[in-house]
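Colleague:
Residue numbers (the working numbering): 6 to 295.
#1: Let me confirm a value: residue 230 is counted as buried when at least 16 other C-beta atoms fall within 10 Å, else exposed. Which label applies?
#2: At which residue ranges does the region 46-93 contain complete beta strand (DSSP E) runs of 3 or more residues, listed in the order of the chain?
#3: Looking only at C-alpha atoms, which of 154, 29, 112, 222 sits nearest to residue 310?
#4: Taking residue 156 as the reference, give the member of 48, 46, 255, 270 with the closest Cα.
#5: Looking only at C-alpha atoms, which of 43, 84, 80 sits nearest to residue 65?
#6: What is the C-beta distance between residue 121 and residue 108, in whole angstroms, given that I count them as a contact (C-beta under 8 Å)?
#7: Looking at the ligand MG, does it come within less than 7 Å of residue 188, judged from the CB to the closest heavy atom?
#8: May I ask which residues mark the beginning and end of the alpha helix (DSSP H) holding residue 10?
#9: According to DSSP, which residues form a beta bridge with residue 148?
#10: Which class does residue 255 belong to by DSSP, given the choice of helix, strand or coil?
#11: Which partner residues of residue 23 appear in the DSSP bridge assignment?
#12: Of all the options 214, 186, 15, which has the alpha carbon lying nearest to the alpha carbon of residue 138?
#13: Based on the DSSP secondary-structure assignment, which residues constitute the bridge partners of residue 218?
#14: What does the Cβ neighbour count give for residue 200, buried or exposed, with the cut at 16 atoms within 10 Å?
#15: Mind listing, in chain order, the continuous beta strand (DSSP E) runs of no fewer than 3 residues lying wholly within the region 146-194?
#16: Taking the straight line between their C-alpha atoms, what separation do you get for residue 16 and residue 124?
#17: What residue range does the alpha helix (DSSP H) around residue 111 cover?
#18: Which residue from 99, 149, 152 puts its Cα closest to that of residue 128?
#19: Around the Cβ of residue 263, are there at least 16 other Cβ atoms within 10 angstroms (buried) or fewer (exposed)?
#20: Taking only the alpha-carbon atoms, compute the straight-line gap between residue 31 and residue 259 and give it to the nearest angstrom.
#21: Excluding the 5 residues flanking residue 249 on each side, which residues of the same chain have their C-beta closer than 7 Å to its C-beta?
#22: Quick one: is residue 104 buried, meaning 16 or more other Cβ sit within 10 Å of its Cβ, or exposed?
#23: Assuming contact is defined by CB atoms lying nearer than 8 Å, are residue 86 and residue 7 in contact in what I supplied?
#24: According to DSSP, is residue 117 helix, strand or coil?
#25: Taking the alpha-carbon positions, what's the residue 238 to residue 58 distance?
#26: Mapping the DSSP letters down to three states, classify residue 6 as helix, strand or coil.
#27: Where does residue 297 fall in DSSP's three states?
#28: Roughly how many whole angstroms lie between the Cα atoms of residue 27 and residue 96?
#29: Using beta-carbon positions only, say whether residue 76 and residue 253 come within less than 8 Å of one another.
#30: In whole angstroms, give me the CA-to-CA distance for residue 244 and residue 94.
Pasting the structure below:
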């Protein structure tokens, strides 16, 4: 039987959290699913934990590869995905038990839709205390026909960036050869989503509930990586893809400044992160922009 949904779970050094992640997938009320877990060269016990789940539950597949980054791990999962739909869940995050059932029901109800977006929360763990901030989408579930995306774009912006709060049609991913950019160290999710939107021009379903819970870490290693790679290239790629896609939409005139301001805001986030880096690293990136 073809799975209703393929869930791709990249894992790197998440032994402390991956049980919670995988248990949230085991508890899904939609049962006809496959869960493809990729151990991206973790030096901790992540790989052994994935193997144990694959041994206990036939819906799990555990893949082991050398450390090549989250994009390469997701691409490895995409190459094996057989479900009608594809979702991404990072190995240290969790999801609500009814997430896939609700999404699948909505997909059956609106069969012309090819992208489902849902709310996401950011969870801060302070000892035994959980602080959760939610980004929900509309006040009610919303169906946006492809021809009307431009009119809704200003409301879509906050939900576009992540691949983890979306359900993609697997057939369209494979037909268009869509994969993650393995050379990108920032905005790799956003680039992938923009490639999908540009290639598929889908009807979009927005669901208001925050099904996905992102674990916010106190120390992120992303900023350190960014000082060693070509940030200018990644920002230029993102900007080109975003403006190319939006140029195909019928945007209300009053929304155009908002769209341009959105890209500037993304660039400012990078420079804010760089403020925590040594002066030499900041200088190198700033020189690239000049």
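Heads up, the beta-carbon is just placed ideally off N, CA and C, and yes, glycines get one too.
Modeller: From the atom records:
#1: Low confidence applies here, because residue 230 scores a pLDDT of 48, under 50, leaving its location unreliable; read the following figure in that light. So residue 230 counts as exposed.
#2: Taking 3 residues as the shortest admissible run, the region 46-93 contains the following complete beta strand (DSSP E) segments, listed from N- to C-terminal end: 65-70, 90-93.
#3: Residue 310 lies beyond the stretch modelled for the chain, which goes from 6 to 295, so this question has no answer here.
#4: 255
#5: 43
#6: 5 Å
#7: In the structure on display, the ligand MG does not appear, and there are no ligands present to speak of.
#8: No alpha helix (DSSP H) contains residue 10, which is instead part of the beta strand (DSSP E) from 10-16.
#9: Answer by DSSP bridge pairing, in chain order: 210.
#10: coil
#11: According to DSSP, residue 23 bridges with nothing at all.
#12: 214
#13: 99, 126
#14: Counting Cβ neighbours within 10 Å, residue 200 comes out buried, since at least 16 surround it.
#15: 147-149, 171-174
#16: 22 Å
#17: In the DSSP assignment, residue 111 falls within the alpha helix (DSSP H) that extends over 104-114.
#18: If we check each option's Cα against that of residue 128, 99 comes out closest.
#19: That one is exposed.
#20: In a straight line, the C-alpha of residue 31 is about 46 Å away from that of residue 259.
#21: 203
#22: Counting of Cβ neighbours within 10 angstroms places residue 104 among the buried residues, the total reaching 16 or more.
#23: Their beta carbons are not under 8 Å apart, which means residue 86 does not touch residue 7 by this criterion.
#24: coil
#25: 39 Å
#26: coil
#27: Because the chain is modelled from 6 through 295, residue 297 falls outside the range shown and cannot be assessed.
#28: 8 Å
#29: Against a cut-off of 8 Å, the Cβ pair of residue 253 and residue 76 comes out as no contact.
#30: Taking the straight line joining both Cα atoms gives about 25 Å.
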